[in-house]
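Below is one structure, written out as structure tokens; the observations come after it.
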Amino acid sequence: MMKNRSFRHAILLGATLACSPSALLAQSSNLVQLEEITITATRSPRPVSLTPQEVNIISRTELENRIVQDFDDIFKYETGVAVSGSPRRIGQRPNIRGLSDDRVLQRIDGARLNFDSGHKGQAFLEPAWLQSVEIVRGPSPLFGSGGLGGTVSMRTVEASDFLGEDQGHGMRLNVGFQGANEEFNVSPMAFGKLEGGKIEYTLSYNGRFSGDINTGGDNADLLNSSENLNSGMAKVVYRASENTTLKFTSLNFSDSQTVPPNTSATGPTLVDRDTFQGVNNLQFEHKQPDTFVDLSGNFYYNHMNLREIRNTDGRDEEVDFNTIGLNILNRQEFETLIEGSEVKLTYGMEYFGDEQDGLRNDGAHLFFPDSESDHISAYVQGELSLGDGLINLLPGVRYDDVSIEDSTGAENGDSEVSPQLGAVIKLDRQLNLAEGDYVALAANYSEGFRAPSFGELFTSGAHFPGGVFVANPNLRPETSSNWEVGPRVKYGKASAKFNYFKTRAKDFIDFNVAFVPPAGPLNFTPVNVNTAELDGIEVEGRFDVTESIGLWGNYTRIRGANLTANEPLASVSPDRITLGLDYTMAEYGLFTGLRLTHSDKQDRGATLTYEYSLLDWQVAWRPGRARHDFGAWAKRWQVNFGIDNVLDRGYRQHLAGLPDPGINPKASVSYSWTF
Numbered sequence: 140m141m142k143n144r145s146f147r148h149a150i151l152l153g154a155t156l157a158c159s160p161s162a163l164l165a166q167s168s169n170l171v172q173l174e175e176i177t178i179t180a181t182r183s184p185r186p187v188s189l190t191p192q193e194v195n196i197i198s199r200t201e202l203e204n205r206i207v208q209d210f211d212d213i214f215k216y217e218t219g220v221a222v223s224g225s226p227r228r229i230g231q232r233p234n235i236r237g238l239s240d241d242r243v244l245q246r247i248d249g250a251r252l253n254f255d256s257g258h259k260g261q262a263f264l265e266p267a268w269l270q271s272v273e274i275v276r277g278p279s280p281l282f283g284s285g286g287l288g289g290t291v292s293m294r295t296v297e298a299s300d301f302l303g304e305d306q307g308h309g310m311r312l313n314v315g316f317q318g319a320n321e322e323f324n325v326s327p328m329a330f331g332k333l334e335g336g337k338i339e340y341t342l343s344y345n346g347r348f349s350g351d352i353n354t355g356g357d358n359a360d361l362l363n364s365s366e367n368l369n370s371g372m373a374k375v376v377y378r379a380s381e382n383t384t385l386k387f388t389s390l391n392f393s394d395s396q397t398v399p400p401n402t403s404a405t406g407p408t409l410v411d412r413d414t415f416q417g418v419n420n421l422q423f424e425h426k427q428p429d430t431f432v433d434l435s436g437n438f439y440y441n442h443m444n445l446r447e448i449r450n451t452d453g454r455d456e457e458v459d460f461n462t463i464g465l466n467i468l469n470r471q472e473f474e475t476l477i478e479g480s481e482v483k484l485t486y487g488m489e490y491f492g493d494e495q496d497g498l499r500n501d502g503a504h505l506f507f508p509d510s511e512s513d514h515i516s517a518y519v520q521g522e523l524s525l526g527d528g529l530i531n532l533l534p535g536v537r538y539d540d541v542s543i544e545d546s547t548g549a550e551n552g553d554s555e556v557s558p559q560l561g562a563v564i565k566l567d568r569q570l571n572l573a574e575g576d577y578v579a580l581a582a583n584y585s586e587g588f589r590a591p592s593f594g595e596l597f598t599s600g601a602h603f604p605g606g607v608f609v610a611n612p613n614l615r616p617e618t619s620s621n622w623e624v625g626p627r628v629k630y631g632k633a634s635a636k637f638n639y640f641k642t643r644a645k646d647f648i649d650f651n652v653a654f655v656p657p658a659g660p661l662n663f664t665p666v667n668v669n670t671a672e673l674d675g676i677e678v679e680g681r682f683d684v685t686e687s688i689g690l691w692g693n694y695t696r697i698r699g700a701n702l703t704a705n706e707p708l709a710s711v712s713p714d715r716i717t718l719g720l721d722y723t724m725a726e727y728g729l730f731t732g733l734r735l736t737h738s739d740k741q742d743r744g745a746t747l748t749y750e751y752s753l754l755d756w757q758v759a760w761r762p763g764r765a766r767h768d769f770g771a772w773a774k775r776w777q778v779n780f781g782i783d784n785v786l787d788r789g790y791r792q793h794l795a796g797l798p799d800p801g802i803n804p805k806a807s808v809s810y811s812w813t814f
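Residue numbers (my numbering): 140 to 814.
Listed below in structure tokens is the structure:
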């Protein structure tokens with residue numbers, strides 16, 4: 140009882156500070172800044188403060204400070220975001236506002252990552268190559284089917300991220316280690332410019348080799364969690380002219396390990412698993428000045444192969460999942476007759492097709508049946524600014540058409556129109572505020588659409604003794620209506636925002652479990668639930684005490700329910716508060732930070748999760764960014780060190796089926812040189 144009371148006191152303290160003019164405001168300057176940051180969440184550059192939807196951006200500097208090893212490291216401090224699955228890297232999936240799996244859209248360099256198999260994992264990526272990560276909460280007409288909870292957009296590095304204007308070529312070697320699983324990481328990279336910068340290239344390899352994960356508290360090992368991971372990246376940028384740019388990126392991920400078939404379990408059944416994912420993506424941009432042509436888009440092909448050989452009897456299972464996609468959009472700006480107004484228009488079309496082939500001992504795989512789907516959509520979004528930025532309106536609409544079929548001829552398909560209307564009222568000159576300061580009110584209404592997955596429509600057969608899955612090709616697509624509203628403030632060294640959201644999903648897909656008398660089995664049938672509802676609040680704040688010292692914090696509270704059955708949704712995380720202290724010595728390129736996260740008890744639903752508190756420590760030295768001149772040789776180095784779960788707490792995240800790592804010292808050292 141005392142612990143719950145302490146948690147409530149911490150919330151009240153954090154809320155009081157966040158709302159105070161002299162208080163804690165959003166995330167670290169290296170983390171999520173609440174000042175104006177140009178983003179691409181609206182597929183056109185736009186300040187965060189003028190974006191109606193809630194958006195967070197994680198920079199490469201922050202990713203390096205965290206010494207990111209997996210999805211959990213990327214998202215663990217982000218408001219409204221959690222990670223479901225397990226501590227195993229291959230089993231992790233982002234959860235936004237209580238929605239996960241294929242209700243969260245993941246994109247890398249604009250290419251969709253559509254594979255989703257429940258406990259087999261979802262996206263297989265090397266985080267060392269990420270330049271930035273953007274999190275858009277809630278559905279958007281620009282991204283379409285699959286983004287009911289939100290969209291995670293990742294951008295990979297390229298040569299210009301490492302080279303100055305007068306530098307032609309370079310190399311970088313990074314080595315790292317983390318103690319929780321005794322993982323060794325090595326990543327060489329070569330990058331450069333050719334033809335006077337007309338061509339850029341980036342080539343890199345990344346290897347991760349680890350033992351079993353040591354969990355917190357009792358220091359027990361999570362058996363069969365060791366990994367042997369090899370990844371490669373190649374990127375070429377070709378600037379055909381001043382107005383035309385092409386980028387080709389190939390990302391390859393390969394992982395071999397012995398694990399349970401369910402990555403969120405410990406056994407006893409084990410399989411030798413090989414996972415491969417290849418993402419091949421061609422991006423293009425073409426502008427014609429003084430015309431309405433400002434084209435961009437991408438064409439991509441993704442291939443995923445997952446093979447498992449069961450140790451007990453040699454049963455051989457293999458799944459191939461391929462996606463081909465094309466996205467084209469154009470941006471236009473219009474002159475208006477109204478003084479102080481601007482009008483921008485973004486419109487385009489998107490196509491992607493998925494194909495799945497499954498084999499079990501060279502026969503049909505009932506859990507991954509041969510299936511294919513085609514998705515085509517068109518979208519448009521306007522951006523209207525009135526009164527020199529006082530009123531900002533963002534209307535939009537998207538049309539989706541989906542057709543799905545399996546090898547037996549079973550079919551499913553539907554179409555949907557999804558509108559959006561967002562608004563931001565921003566006061567700065569009206570209140571005689573200093574440049575960069577503002578008081579704003581943001582509101583957004585959007586509708587979302589998600590077609591049923593192959594697994595929900597066509598999976599059948601015995602999954603475990605006494606448990607049988609029943610296919611339901613007649614499922615209807617999920618639709619949702621979402622609205623959110625909240626104030627945003629930046630005043631001097633302080634900034635804050637508060638957001639309330641509510642999502643109501645119609646035809647929400649869930650499993651109906653029925654016992655077949657007299658002796659079973661249990662039949663698991665995916666069905667459309669009449670209505671599900673989620674709502675919550677998100678608070679972020681930051682206060683820069685001095686040029687060197689920054690305080691930040693955030694708080695998330697989400698509730699979700701199946702209104703038809705009057706039951707809580709199991710995918711909702713506990714209340715969580717995160718507080719941070721940053722100290723920067725810009726003179727010497729030094730940074731250190733403490734992060735305290737408290738997650739409350741979660742007893743709404745079948746699985747009880749106990750409360751826990753975690754303390755993380757981060758240190759970074761970047762002599763190349765220091766004001767002090769350390770000399771050319773020293774500037775080539777970068778050192779990151781940190782300890783996650785400093786107090787070695789034993790805990791389990793609510794959306795994970797296994798205990799999480801204990802104390803985890805991490806280090807990363809890189810050496811770069813250019814010529």
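C-beta atoms are modelled at their ideal positions from N, C-alpha and C, and glycine is treated no differently.
Using CA coordinates, which residue listed in A503, D501, F507 and T485 is at the minimum distance from Q495?
F507
Exposed or buried, which one is I477 when buried takes at least 16 other CB atoms within 10 Å?
exposed
Which of helix, strand or coil does DSSP assign to L523?
strand
Grouping DSSP H, G and I as helix and E and B as strand, with all else coil, what is T451?
coil
Evaluate A601 with the Cβ neighbour count: other Cβ atoms within 10 Å of its Cβ, from every protein chain shown; 16 or more gives buried, anything less gives exposed.
exposed
So, for D799: in the same chain, excluding its five sequence neighbours on each side, which residues have a beta-carbon less than 7 Å away from its beta-carbon?
P226, T354, G355, Y790, R791 and Q792
Would you kindly work out how many angstroms separate the C-alpha atoms of T547 and G587, rounded to a whole number?
30 Å
For K774, name the three-state secondary structure that DSSP assigns.
helix
Below 8 Å CB to CB, which residues in the same chain sit around D300 once its five sequence neighbours on both sides are set aside?
R199 and Q270
Would you kindly report the start and end of the unbroken alpha helix (DSSP H) that includes G528?
Unbroken run through G528: none, as it is neither H nor E.
Please go through the same chain and pick out, in chain order, the residues whose beta-carbon is closer than 6 Å to the beta-carbon of G286, but skip the five residues on each side of it.
L244 and P278
What whole-angstrom Cβ distance do I247 and V418 have, given they're in contact under 8 Å?
6 Å
Can you give the Cα-Cα distance for V171 and A725, rounded to whole angstroms?
Because V171 carries a pLDDT of 39, less than 50, the predicted location of this residue cannot be relied on, and the following value inherits that uncertainty. Each residue's Cα considered, the two are about 19 Å apart.
Does DSSP classify P707 as helix, strand or coil?
strand
Which partner residues of T723 appear in the DSSP bridge assignment?
F730
For the 8 Å Cβ check, are there 3 or more pairs between the segment 296-312 and the segment 800-812?
yes
Would the beta-carbon of G288 fall within 8 Å of that of T402?
no
May I have the straight-line CA-CA distance separating L302 from R470, to the nearest angstrom?
29 Å
Inter-residue Cα distance where the pair is E686 and P591:
51 Å
Report the CB separation of S349 from E334 in whole angstroms; it is logged as a contact under 8 Å.
The pair is not a contact, with the Cβ atoms about 41 Å apart (cut-off 8 Å).
What are the boundary residues of the alpha helix (DSSP H) that L596 is part of?
F593 to F597
Can you tell me where the alpha helix (DSSP H) with M664 in it begins and where it stops?
Correcting the residue identity first, residue 664 is Thr in this sequence and not Met. Looking at the DSSP string, T664 is not in any alpha helix (DSSP H); the run it does join, the beta strand (DSSP E), is L661 to D683.
To the nearest angstrom, how far is the alpha carbon of E457 from that of D394?
15 Å
State the start and end residues of the unbroken beta strand (DSSP E) segment that holds I229.
Segment: none, I229 is in no beta strand (DSSP E) and carries neither H nor E.
CB L708 to CB L673, shorter than 8 Å?
yes
Cβ neighbours of S752 in the same chain (closer than 6 Å, five flanking residues each side left out)
H737
Helix, strand or coil, according to DSSP, for G487 in the structure here?
strand
Beta carbon of A517 nearer than 8 Å to that of Y490:
no
In terms of residues, what are the limits of the alpha helix (DSSP H) holding D241?
Segment: none, D241 is in no alpha helix (DSSP H) and carries neither H nor E.
Give a yes or no on whether 8 Å exceeds the smallest Cβ distance from N466 to chain C.
Considering every chain present, this structure includes no chain C. It has just one protein chain.
Closest by CA to L614, which one among R589, P626 and S634?
R589
Is G521 closer than 8 Å to V563 when the C-beta atoms are compared?
no
Going by C-alpha to C-alpha distance, which of Y486, Y639 and H767 sits closest to G436?
Y486
Determine the direct distance from the alpha carbon of F637 to that of E677, and round the result to whole angstroms.
6 Å
Exposed or buried, what is Q261 when buried is set at 16 or more other beta-carbons lying within 10 Å of its beta-carbon?
buried
Is I802 helix, strand or coil when you go by DSSP?
coil
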